[in-house]
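Enquirer: Note that the protein sequences, when read in sequence, are chains H and X.
In terms of this note's numbering, the first sequence is numbered consecutively and its last residue is 349.
In terms of this note's numbering, the second sequence is numbered consecutively and its last residue is 307.
The structure under discussion is supplied below as structure tokens; questions concerning it will follow.
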Amino acid sequence: MHFEYEDKESLLFKIKQIVVFITICLLTSCVQEKTTLKSVTGTEISIDSSLSKNIEIDSFIQPYFNRINSILDSTLAYAPKTLTKSDGSLNTSIGNLMADMILEQSNPIFKSRTGHDVDFVLFNHGGMRSIISKGNISARTAFEVMPFENSISIVELSGKSIIELVNFVIKNSNPHPVSGIQLTIHRNNHIKELKIQGKPFDANRNYFIATSSYLVTGGDNMVFFKNAITVTDIDYSIRNAMIDYFNKKDTIYAEVDNRILKL
Amino acid sequence: MERRKFIKTSTAASALVGIGALSLNACKLSSKKHLTILHTNDVHSHIDIFPKSHSQYANLGGLARRATLVEQIRQENKNTLLFDAGDIFQGTPYFNFYGGELEFKLMSKLKYDAATIGNHDFDNGLEGLLAQMPHATFKMLSANYDFSNTIMDGHTKPYHIYEIDNIKIGVYGMGVHLDGLVTKKLYKETQYLNPYEIAQDMERKLKNEYHCDLVICLSHLGYDYKNKKRPSDLGLATKTEYTDLIIGGHTHTFLDKPTVIKNKLGKDILVNQAGCYGLNLGRIDFYFDSAKNASASGVSIAV
Chain H
87 MHFEYEDKES
97 LLFKIKQIVV
107 FITICLLTSC
117 VQEKTTLKSV
127 TGTEISIDSS
137 LSKNIEIDSF
147 IQPYFNRINS
157 ILDSTLAYAP
167 KTLTKSDGSL
177 NTSIGNLMAD
187 MILEQSNPIF
197 KSRTGHDVDF
207 VLFNHGGMRS
217 IISKGNISAR
227 TAFEVMPFEN
237 SISIVELSGK
247 SIIELVNFVI
257 KNSNPHPVSG
267 IQLTIHRNNH
277 IKELKIQGKP
287 FDANRNYFIA
297 TSSYLVTGGD
307 NMVFFKNAIT
317 VTDIDYSIRN
327 AMIDYFNKKD
337 TIYAEVDNRI
347 LKL
Chain X
5 MERRKFIKTS
15 TAASALVGIG
25 ALSLNACKLS
35 SKKHLTILHT
45 NDVHSHIDIF
55 PKSHSQYANL
65 GGLARRATLV
75 EQIRQENKNT
85 LLFDAGDIFQ
95 GTPYFNFYGG
105 ELEFKLMSKL
115 KYDAATIGNH
125 DFDNGLEGLL
135 AQMPHATFKM
145 LSANYDFSNT
155 IMDGHTKPYH
165 IYEIDNIKIG
175 VYGMGVHLDG
185 LVTKKLYKET
195 QYLNPYEIAQ
205 DMERKLKNEY
215 HCDLVICLSH
225 LGYDYKNKKR
235 PSDLGLATKT
245 EYTDLIIGGH
255 THTFLDKPTV
265 IKNKLGKDIL
275 VNQAGCYGLN
285 LGRIDFYFDS
295 AKNASASGVS
305 IAV
């Protein structure tokens, strides 16, 4: 009896051992079962009107959307007439606005940091991405005209480089905006008279030019900026300068004028 | 008493046999696996749907729509990973007003798994990027930007390994040369390292050390350039051995379908890019099977 019991127990133990062994084998074989890449497919899915908006995400965005739009669309100033970059051959209304604005906004900052005055401004015709329509002007206007993150840089150039700059402006097919300059050119495109801040140009001195950081780093082939003696970044984005300018003026008026005159 | 013990034990034994058989079954089933990779790039803060009046992209894009699509695909296949190849920031007033906070929060809500850093992600400087990191639940992967002498140190990883359904997926990030593209003042002491060399180091590590089943590169190098000396995704593909998929960005390249290209070993791999502004979602599906069922012809790629 006692013997039989022992025998049964050991038999059971053996069965148990076998089962555990098989199970471990199976589990191990499972882990060792190597998967390998068989096939790949790829597509581009268009995000279009066939997809409905996820309500939770949309409602999360809503307050940000409302806040931005209320700020962007609040009126800062008024334009009595539409300003464009195609209403003049030597200078344009929106170009004059931008150049004059850059001069007015940058000079106090530059002067307080360096003790020098900005002598004049050169901006690029291609840098103005929208007209300013007659009517209310908002911060959105500034985003439309100036979508890029370019900031105002002040470049110090020698008198010799200034001649290069002026000749570049004269020969370029697009009227690049300037401010602080009075330039008269002959029919044959030679410089007749150049005044900077109302004073005759002096080839023996250096001048400080406010411009776009984009142009200083080689944009629009303004190669004369490579000869910069100093470059000062005043940490002021052109768009923010526009918004500040719109904020302080009630009426934004600009027109084509005689700052560049061809005989 | 003894009989009861015998029955009890034998029941346990048969239960074990059952589990064994079950595990065999489960094993057979699980050898076929399906992984879906979804990706965006150069979204540039485009959160809203483009207005109906837009000359190019009227009524396209929109993050809330993308969320719906991603959710649909996740329901279809829970083994889904979602990536972004950089230039998350800059392009709409959302960025100018909130500095990327909304972009990161929404990507986290969509359960992005990882992103790499694009040149425009430096637009508010290293401080600006760091300030948004608490809003990101996804990994920021960059293997060839060395941030160790900057405030971003410790906030990025060169690679990350995902284990999904017993498939190991190693993902590494690659960034574009910053000099000439981003003002030094913004990226400061970030060191740009040779992308091809680093990619080779990464894939070797992921394949040989960590035995990844799949190696993915998240790249903001750009799809291709006329100047072949400029590192690009197509260039990277021909110089790597274990990378299975390159998800690209930077060049805003719209592809009708992913590009199939031969890698250094002459094996076909995929390079994909989903244009820009959240107009498209790239989708790559990987199907796995047990090694013994693998055909001699290798991996079939259908695009």
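The beta-carbon is built from N, C-alpha and C at its ideal position, and this holds for glycine as well.
Note that the structure is predicted; figures quoted are calculated from it, not measured.
Looking at the ligand FMN, does it come within less than 7 Å of X:Ala306, judged from the CB to the closest heavy atom?
Expert: With respect to small molecules bound, the structure shown includes none, and the ligand FMN cannot be examined in it.
Enquirer: Which value, in whole angstroms, describes the spacing of the CA atoms of X:Ala118 and H:Ser239?
Expert: Taking the first residue of the second sequence as 1, we reach residue 118 of chain X at position 114. Taking the first residue of the first sequence as 1, we reach residue 239 of chain H at position 153. Taking the straight line from one Cα to the other gives about 37 Å.
Enquirer: Which residue from H:Ser265, H:Phe254, H:Ile249, H:Gly181 puts its Cα closest to that of H:Asp205?
Expert: Your numbering for residue 205 of chain H matches position 119 in the first sequence. Minimum Cα distance to H:Asp205 is reached at H:Ser265.
Enquirer: Contact check, H:Tyr277 vs H:Val317 under 8 Å by CB: the rounded distance?
Expert: Here residue 277 of chain H refers to the residue found at position 191 when the first sequence is read from its first residue. Here residue 317 of chain H refers to the residue found at position 231 when the first sequence is read from its first residue. Correcting the residue type first, residue 277 of chain H is Ile in the shown sequence and not Tyr. The Cβ separation is near 25 Å, so there is no contact.
Enquirer: Just to check my reading of the structure: X:Ser49 and X:Phe93 have Cβ atoms closer than 8 Å, yes? What is that Cβ distance to the nearest angstrom?
Expert: Locating residue 49 of chain X in the second sequence gives position 45, counting from the first residue. Locating residue 93 of chain X in the second sequence gives position 89, counting from the first residue. Indeed, because the Cβ distance is near 6 Å, the residues count as touching under 8 Å.
Enquirer: DSSP beta-bridge partners for H:Pro286?
Expert: Position 200 of the first sequence, counted from the start, is the residue given in the question as residue 286 of chain H. H:Lys281, per the DSSP bridge assignment.
Enquirer: I want to see whether chain H comes within less than 8 Å of X:Ile305, judged by CB atoms only; does it?
Expert: Stepping through the second sequence from its first residue, residue 305 of chain X is reached at position 301. It does; some Cβ of chain H falls within 8 Å.
Enquirer: Short of 8 Å in beta carbon distance, which residues of its chain neighbour H:Phe229, apart from the five on each side in sequence? Order them along the chain.
Expert: Sequence index remark: in the first sequence, residue 229 of chain H carries index 143 (1-based). Here the set comprises Leu158, Arg325.
Enquirer: Could you give the first and the last residue of the continuous beta strand (DSSP E) run that contains H:Glu242?
Expert: Your numbering for residue 242 of chain H matches position 156 in the first sequence. From DSSP, the beta strand (DSSP E) with H:Glu242 extends over 237-243.
Enquirer: Buried or exposed: H:Tyr339, going by 16 or more other Cβ atoms within 10 Å of its Cβ?
Expert: To locate residue 339 of chain H, count along the first sequence from 1; it is residue 253. Per the 10 Å Cβ criterion, exposed.
Enquirer: Let's test the definition: count the other Cβ atoms within 10 Å of the Cβ of X:Asp4 and tell me whether it reaches 16, buried, or not, exposed.
Expert: The structure shown does not extend to residue 4 of chain X, since chain X spans only 5 to 307, so no value can be given for it.
Enquirer: Given that a residue counts as buried once 16 or more other Cβ atoms are within 10 Å of its Cβ, and exposed if not, what is X:Ala25?
Expert: Walking along the second sequence from the start, residue 25 of chain X turns up at place 21. Low confidence applies to X:Ala25: its pLDDT is 45, below 50, so where it sits in the model is not reliable enough to give any reading.
Enquirer: Leaving out five residues on either side along the sequence, give the residues of the same chain with a beta carbon under 7 Å from the beta carbon of H:Asp321.
Expert: For the purposes of this step, residue 321 of chain H is identified with residue 235 of the first sequence, where counting begins at 1. If we look at H:Asp321 and ignore the five residues flanking it on each side, its Cβ neighbours are Ser237.
Enquirer: Where does X:Phe258 fall in DSSP's three states?
Expert: Position 254 of the second sequence holds residue 258 of chain X. If DSSP states are grouped into helix, strand and coil, X:Phe258 belongs with the strands.
Enquirer: Tell me the DSSP secondary structure of X:Asp293 in three-state form.
Expert: Residue 293 of chain X sits at position 289 when you count from the first residue of the second sequence. The answer is strand: DSSP assigns X:Asp293 an E or B state.
Enquirer: Based on Cα-Cα distance, which residue from X:Gly179, X:Phe290, X:Met156, X:Gly95 lies nearest to X:Glu237?
Expert: Working through the second sequence from its first residue, we reach residue 237 of chain X at position 233. According to the sequence shown, residue 237 of chain X is Asp rather than Glu. It is X:Gly179.
Enquirer: Report the residue from X:Phe290, X:Leu225, X:Pro262, X:Lys192 whose alpha carbon sits nearest the alpha carbon of X:Asp127.
Expert: The count along the second sequence starts at 1 and reaches residue 127 of chain X at position 123. Cα-wise, what sits closest to X:Asp127 is X:Lys192.
Enquirer: Report the residue from X:Phe290, X:Lys243, X:Asn276, X:Asp293 whose alpha carbon sits nearest the alpha carbon of X:Leu269.
Expert: In the second sequence, the residue the question calls residue 269 of chain X occupies position 265. When only C-alpha atoms are compared, the closest one is X:Lys243.
Enquirer: Would a check of beta-carbon distances place H:Phe332 closer than 8 Å to chain X?
Expert: Working through the first sequence from its first residue, we reach residue 332 of chain H at position 246. No, H:Phe332 lies away from the interface with chain X (no Cβ there is under 8 Å from its Cβ).
Enquirer: With 7 Å as the C-beta to C-beta threshold (strictly closer), list the residues of the segment 212-231 of chain H near chain X in chain order.
Expert: Answer set for the segment 212-231 of chain H: Phe229.
Enquirer: Determine the contact status of H:Asn182 and H:Pro263, defining contact as a CB-CB distance below 8 Å.
Expert: Taking the first residue of the first sequence as position 1, residue 182 of chain H is located at position 96. Taking the first residue of the first sequence as position 1, residue 263 of chain H is located at position 177. Yes, Cβ-Cβ distance for H:Asn182 and H:Pro263 is below 8 Å.
Enquirer: Who are X:Glu107's beta bridge partners in DSSP?
Expert: What you label residue 107 of chain X is simply residue 103 of the second sequence in a count that begins at 1. For X:Glu107, which the question treats as bridged, DSSP gives no partner whatsoever.
Enquirer: From the DSSP output, in three-state form, read off X:Leu26 for me.
Expert: The count along the second sequence starts at 1 and reaches residue 26 of chain X at position 22. Low per-residue confidence applies at X:Leu26: pLDDT is 46, beneath 50, and the placement is therefore not dependable, though the value from the model is reported in the following sentence. Here X:Leu26 sits in helix by DSSP.
Enquirer: Would the segment 63-71 of chain X count as touching the segment 183-198 of chain H if we require 3 or more Cβ pairs under 8 Å?
Expert: At 8 Å Cβ cutoff, the stretches do not touch.
Enquirer: Give me the Cβ distance between X:Glu75 and H:Asn140, rounded to the nearest whole Å; I'm assuming they're in contact under 8 Å.
Expert: Position 71 of the second sequence holds residue 75 of chain X. Position 54 of the first sequence holds residue 140 of chain H. About 7 Å separates the two Cβ atoms, so the contact holds.
Enquirer: The alpha helix (DSSP H) spanning H:Gln268 covers which residue range?
Expert: Taking the first residue of the first sequence as 1, we reach residue 268 of chain H at position 182. H:Gln268 -> not in any alpha helix (DSSP H); beta strand (DSSP E) instead, spanning 267-271.
Enquirer: From H:Asn193, H:Thr168, H:Leu208, pick the residue whose C-alpha is nearest to that of H:Ile217; which is it?
Expert: For the purposes of this step, residue 217 of chain H is taken as the residue at position 131 of the first sequence. The option with the nearest alpha carbon to H:Ile217 is H:Thr168.
Enquirer: At least one CB of chain H closer than 8 Å to the CB of X:Leu259: is that the case?
Expert: Here residue 259 of chain X refers to the residue found at position 255 when the second sequence is read from its first residue. Cβ-Cβ to chain H under 8 Å: yes for X:Leu259.
Enquirer: I want to see whether chain H comes within less than 8 Å of X:Ser57, judged by CB atoms only; does it?
Expert: Locating residue 57 of chain X in the second sequence gives position 53, counting from the first residue. Chain H contact via Cβ: absent.
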